[in-house]
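To keep things clear, I will list the structure first and then write my remarks on it.
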Amino acid sequence: MPITSLKVALIDGPMYGPLYRSLEVFEQSTGITVNVAFKGTHPELNALLKGAFEAKECPFDLVSTHSKYAPSQAENLLSLDPYFDESALADFAPSIVELCRVGSELKSIPRNFDARLMVYRTDRLAELGIGVPETWEQLGEASRRAKAAGYTGLVYPGKGSGLFGTFFELLSSEDGKLFDERLQPAFNSAAGLAAVQRLRDWYKEGLTPEGLPEMEYDEVSTNFREGDSTFVTDWPGYFSLYTDPAFPLAGRFDLALTPAGSQGRRAVYCGSHSFAVLAGTQHPEQAVQLLHHLTSHESQLIDANHGHVPVRTSVMDKLKIAAAEDSLEARRLSLLEETIRTSVVIPPKFPEYPLTEDIIWQTFQSAIVGRLEPQEALDKAAFEIGKVVEAYR
9 MPITSLKVAL
19 IDGPMYGPLY
29 RSLEVFEQST
39 GITVNVAFKG
49 THPELNALLK
59 GAFEAKECPF
69 DLVSTHSKYA
79 PSQAENLLSL
89 DPYFDESALA
99 DFAPSIVELC
109 RVGSELKSIP
119 RNFDARLMVY
129 RTDRLAELGI
139 GVPETWEQLG
149 EASRRAKAAG
159 YTGLVYPGKG
169 SGLFGTFFEL
179 LSSEDGKLFD
189 ERLQPAFNSA
199 AGLAAVQRLR
209 DWYKEGLTPE
219 GLPEMEYDEV
229 STNFREGDST
239 FVTDWPGYFS
249 LYTDPAFPLA
259 GRFDLALTPA
269 GSQGRRAVYC
279 GSHSFAVLAG
289 TQHPEQAVQL
299 LHHLTSHESQ
309 LIDANHGHVP
319 VRTSVMDKLK
329 IAAAEDSLEA
339 RRLSLLEETI
349 RTSVVIPPKF
359 PEYPLTEDII
369 WQTFQSAIVG
379 RLEPQEALDK
389 AAFEIGKVVE
399 AYR
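If you use this note's numbering, the sequence shown closes out at 401, no skipped numbers anywhere.
What follows is the structure, encoded as structure tokens:
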């Protein structure tokens with residue numbers, strides 16, 4: 009019997025790579041070879057898949073995806089309900105499994121749950137004589153104090169999904185809406201204008217790194233970890249880099265909840281990285297076998313040990329038992345659980361959603377750097393997105 013070879017496409021980066029070392033274990037135990045034909049960022053992978061789907065091609069058997077991207081890919085993703093019954097899903101958090109459904113069909117299996125926490129320099133706050141910012145307004149003021157002392161205040165992604173997410177958090181924390189009940193753009197509002205203006209002011213005042221407009225997730229995390237900025241809201245997957253014994257800021261940073269709006273509401277842009285099997289695969293049984301491996305208890309434990317928030321109850325319980333009382337890890341898990349319990353905001357799931365996110369970040373980036381005025385940017389983005397979602401009126 010010939011050996012099956014699976015072609016896979018995976019997102020890469022310091023928080024994703026460690027899991028892929030387990031592919032060798034899968035190959036040895038099953039006799040199925042795994043050809044990692046692509047590793048890169050989600051935008052790169054999404055563009056590659058979009059082109060393949062438009063050409064009616066199936067270049068991979070299994071791919072990395074995300075709860076916000078899967079709806080736009082759903083026609084080309086294998087329905088997993090026949091392969092994952094209730095017992096196979098029993099260890100997963102039900103709400104996260106629901107994120108991976110498109111309509112009634114399970115289209116991917118969750119790898120983790122993503123929610124940012126604020127990381128801050130304890131030594132700088134002590135030097136400046138200020139407390140931990142509780143609100144976005146306080147974060148701006150603390151960053152001004154840091155700048156006056158010769159430090160960079162805060163860093164956040166100046167492009168891509170990260171810039172969209174920061175806007176979405178600012179908007180939602182002031183009770184602003186991204187879309188209305190008819191799925192029409194609703195962010196062109198007082199809350200939306202205040203959010204764009206705040207992002208512009210932070211950059212214009214020099215509270216952020218000069219190269220902010222070209223910084224995405226990896227660059228943002230690296231900027232803080234190398235000692236430049238005083239505050240960052242960072243993803244769980246980077247946390248293992250903070251706990252590395254060689255980390256130069258060891259003992260000089262701590263964690264807090266993402267800042268709240270003026271009325272105390274916290275809103276954290278969340279989602280779930282996941283894995284899916286392409287509907288056109290010639291090896292569905294073997295691809296699903298690999299999917300089971302990549303989302304198993306053992307695999308999620310690998311991710312969890314590198315900072316990811318696990319979506320298997322058994323793995324989360326193991327982490328909580330292992331975390332020493334009053335340790336940084338115990339505090340991190342507690343803050344993440346509070347965030348998940350109280351502050352999650354998730355955009356609507358519809359096929360054109362990734363395009364609307366791109367329109368928002370690209371237009372608002374122009375406002376941040378001064379190519380557009382904030383209200384012009386809101387008007388432009390709302391108009392363009394209105395055309396995209398016209399079919400939903």
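Ideal Cβ positions, reconstructed from N, Cα and C, are used throughout, including at glycine.
Rounded to the nearest whole angstrom, the C-alpha separation of A63 and S80 is 16 Å.
Per the DSSP secondary-structure output, R320 pairs in a beta bridge with F100.
Between the segment 101 to 111 and the segment 206 to 218, the count of Cβ pairs shorter than 8 Å is below three; the stretches do not touch.
A straight line joining the alpha-carbon of V317 with that of P118 spans about 11 Å. Counting along the chain, G48 sits inside the beta strand (DSSP E) bounded by residues 41 to 48. DSSP, read as helix, strand or coil, puts F92 in coil. Partner residues in a beta bridge of A78, as assigned by DSSP, do not exist.
Residue state for S197 is assigned as coil, using DSSP reduced to three classes. The C-alpha of A254 lies about 29 Å from the C-alpha of V319. Annotation for S13: I40, T41, V42, N43 place their beta carbon closer than 8 Å to its own, counting only its chain and skipping 5 residues before and after. For E398, the three-state secondary structure derived from DSSP is helix. Of the candidates E227, H314, I19, I19 places its Cα closest to the Cα of V71. At a Cβ-Cβ threshold of 9 Å, L298 and D69 count as neighbours. Per the DSSP secondary-structure output, T143 pairs in a beta bridge with A268. For L14, no alpha helix (DSSP H) run applies; the uninterrupted beta strand (DSSP E) run containing it begins and ends at 13 to 19, by DSSP. Inclusion of L179 and K185 in the CB contact set at 9 Å is warranted, their separation being smaller than that value. In the structure shown, G184 falls within a coil segment according to DSSP collapsed to helix, strand and coil.
S95 and Y277 have their alpha carbons spaced roughly 30 Å apart.
Contact fails between the segment 191 to 210 and the segment 278 to 291, because fewer than three Cβ pairs, one in each stretch, are under 8 Å apart.
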